[in-house]
Every structure is written in C-alpha cells, then in structure tokens.
Amino acid sequence: MFVLGFGVDLLETDDYKLVRLVYHTNIVFGYNGPPKIEIYSIISGVWRRVVGVEIKHCMVDVMWSQAFVNGVLHWIAYDVVPNGCEIRSLVMSFSIEDEVFGEIMLTDALAGVTLTNLSIMLFEESLVVVNYGREIDGASCEVWVMKQYGVLESWSRLYRINLVVGMEKVVGFRNNGDILFSTRRNDLVSYDPNSGRNTDLGDLSLVLCLELQ
33 MFVLGFGVDL
43 LETDDYKLVR
53 LVYHTNIVFG
63 YNGPPKIEIY
73 SIISGVWRRV
83 VGVEIKHCMV
93 DVMWSQAFVN
103 GVLHWIAYDV
113 VPNGCEIRSL
123 VMSFSIEDEV
133 FGEIMLTDAL
143 AGVTLTNLSI
153 MLFEESLVVV
163 NYGREIDGAS
173 CEVWVMKQYG
183 VLESWSRLYR
193 INLVVGMEKV
203 VGFRNNGDIL
213 FSTRRNDLVS
223 YDPNSGRNTD
233 LGDLSLVLCL
243 ELQ
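Residue numbers (this note's numbering): 33 to 245.
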C-alpha cells in the first residue's frame, strides 16, 4: 500500500514535489519493514529513490489525508508501543525544501484515538486534526487546532459538532468561519459553529468548481 504527499518549495527552487511512501504488507496485519521512499520533482521530471532514511512510523491506506503547512507536509501516522497492545497516533512530517522527515506529537486526547477516526487539515495556516466519533446518541466530530506550530501544549479543541442532516466529513473551512461538510449523498453543507445552522450548498462536485467566499 502507499501514501502520497504533494507540496511546493517556494523559498528556494519554486519546485513542486510528490512524495510516495510504499509499504509492503504481509499476510497478517502489518508491514514488512519500513516504507520505500520515492520523490518526483516537477523540475527534474523523474522519480528518484531516497536511501539512507528509515521511517519507523506507520500509516494506513484508509482515510489518509495530508496538510501542507510552513513548507512541510503532514500526515496522521502511528507507532505501536513496546508491549504491542496499544497504538499511539502522531503527526509525521516531511520538509519539501530539506527533504527531511520529522514528527509532531498529538495531545493525549487525540493520541489514543483509533487511527482511522483522525484526519489532518489546514485551517488559517495552522494544523488542524478532526476526530470523528460515534456515541450511543449519534455521531459527532471534534476540531482541534495547533495554535503554535510544533508546540505540543498548543493543541486546543475549537469545536465539538453533532453530525446531523447526513453530515459525514469535514472538507474545508470558509472565510466567514463556517465549516464545510460532505454528506452521504455527496452534497455540500456549510455549518456555522456559532449558531449551529446548516446551509445546503448543493452537489459537492459542482460547488467545488466555484470559488467559495
């Protein structure tokens, strides 16, 4: 299985790069060693293999997402704790300019969450992690923002939203403060977190072709 990331080095080379992490799975759940790392550069026009770098974190091919902030790509990843009975989620990063991998820790409220319930996004030039949960009384999601980049203690929960009228997944944030949700019917809903009001914007594929104000 593989995970992709896309970003641009605007400061040095003005080069767009595509990063591909290729994991080889075994017959049971797990991976055979660290992933193979490949980078495609728009300027060079070729794929090249990155050697001498070992990534210990793992990712899954279900609902993976990326966020490009401060010239760095970010994905949700996980580590298996030494006793092998617990998985801890974190953010894995990749600097487009330096081509260096790193990590950002999640607050405890997110680190122990099931990996496939987490999605990473961009909100006003800050990292955002959305935590989707299902309770007895219905589905909800929490929106967490990292107010100071790279500082663990700066993670803060912005909203907790009950997913109604078929709202399924956060797809973006509007300039007016509304949150955009896709629905099970592939429609787009604009949600006002202050009033709790929903506005149906219509078919998702058509709306995304327009500039959202």
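Glycine residues also receive a C-beta, built at the ideal position from the N, C-alpha and C atoms.
Since the structure is predicted, the reported quantities are computational estimates derived from the model, not experimental observations.
Checklist entry - Just how far apart, CA to CA, sit ILE128 and GLU86? => result Those two C-alpha atoms are separated by around 17 Å.
Next on the checklist: Taking the beta carbon of HIS56 as the centre, do at least 16 other beta carbons fall within 10 Å, making it buried, or is it exposed?
Outcome noted: Exposed, since its Cβ has fewer than 16 Cβ neighbours within 10 Å.
Checklist entry - To which residues of the same chain is VAL92 closer than 7 Å at the C-beta, ignoring the five residues directly before and after it? => result So the qualifying residues of the chain are LEU147, THR148.
Item to check | Residue nearest to GLY134 in terms of C-alpha spacing, selected from ALA141, ALA143, MET124 | outcome: Per the Cα distances, MET124.
Next on the checklist: If contacts are defined as beta-carbon pairs under 8 Å, then GLY198 and THR215 qualify, I think. What distance do you get, rounded to the angstrom?
Outcome noted: With a beta-carbon spacing of about 4 Å, GLY198 and THR215 fall inside the 8 Å limit used to define contacts.
Item to check | Close Cβ partners of GLN245 (< 7 Å) along its chain, the five nearest in sequence each way excluded | outcome: With a pLDDT of 48 at GLN245, under the threshold of 50, the modelled position of this residue cannot be trusted, and the question is left open.
Next on the checklist: Closer than 8 Å is the cut-off here; do at least three beta carbon pairs connect the stretch 185 to 203 with the stretch 135 to 144?
Outcome noted: The stretch 185 to 203 is in contact with the stretch 135 to 144.
Checklist entry - Are ALA99 and LEU150 close, meaning C-beta to C-beta below 8 Å? => result No, Cβ-Cβ distance for ALA99 and LEU150 is not below 8 Å.
Checklist entry - Taking the Cβ atom as the reference point for each residue, do LEU53 and ILE69 lie within a distance shorter than 8 Å? => result When the beta-carbon positions are compared, LEU53 and ILE69 come within less than 8 Å of each other.
Next on the checklist: On the DSSP bridge list, what partners appear for ALA99?
Outcome noted: Under DSSP, ALA99 forms a beta bridge with HIS106.
Next on the checklist: What residue range does the alpha helix (DSSP H) around ASP210 cover?
Outcome noted: For ASP210, there is no enclosing alpha helix (DSSP H), as DSSP gives it neither H nor E.
Checklist entry - Could you check where the alpha helix (DSSP H) with ASP140 kicks off and where it finishes? => result Residues 140 to 143.
Next on the checklist: Please state the DSSP three-state secondary structure of GLU185.
Outcome noted: Here GLU185 carries a helix assignment [DSSP, helix/strand/coil].
Next on the checklist: From the DSSP secondary-structure annotation, give me the bridge partner or partners of GLY234.
Outcome noted: Per DSSP, the beta-bridge partners of GLY234 are LEU220.
Item to check | Inter-residue spacing [alpha-carbon to alpha-carbon] between ASP210 and LEU36 | outcome: C-alpha separation (whole angstroms): 28 Å.
Item to check | GLU243 to ILE119 span [Cα, whole Å] | outcome: In this prediction, GLU243 scores a pLDDT of 46, lower than 50, which makes its location untrustworthy; no coordinate-derived value is stated.
Item to check | LEU147 in three-state terms, based on DSSP | outcome: Looking at LEU147 - three-state DSSP - the assignment turns out to be helix.
Next on the checklist: Nearer than 7 Å: is that true of the beta carbon of ASN208 relative to any heavy atom of the ligand HEM?
Outcome noted: Among the components of this structure there are no ligands whatsoever, and the ligand HEM is therefore not found.
Checklist entry - Under the three-state reduction of DSSP, which class applies to THR45: helix, strand or coil? => result For THR45, the secondary structure class from DSSP, reduced to helix, strand or coil, is coil.
Next on the checklist: Using C-beta distances below 8 Å, list every residue in its chain close to ARG81, excluding the 5 sequence neighbours before and after it, in chain order.
Outcome noted: Closer than 8 Å at Cβ, skipping near neighbours: LYS68, ILE69, GLU70.
Checklist entry - If you count every other CB in all the chains shown that lies within 10 Å of the CB of TYR223, and 16 or more means buried, which is it? => result Buried.
Checklist entry - With ASP41 and GLY103 assumed to form a contact (beta carbons below 8 Å), what rounded beta-carbon distance in angstroms separates them? => result Sure, about 7 Å apart at Cβ, within 8 Å.
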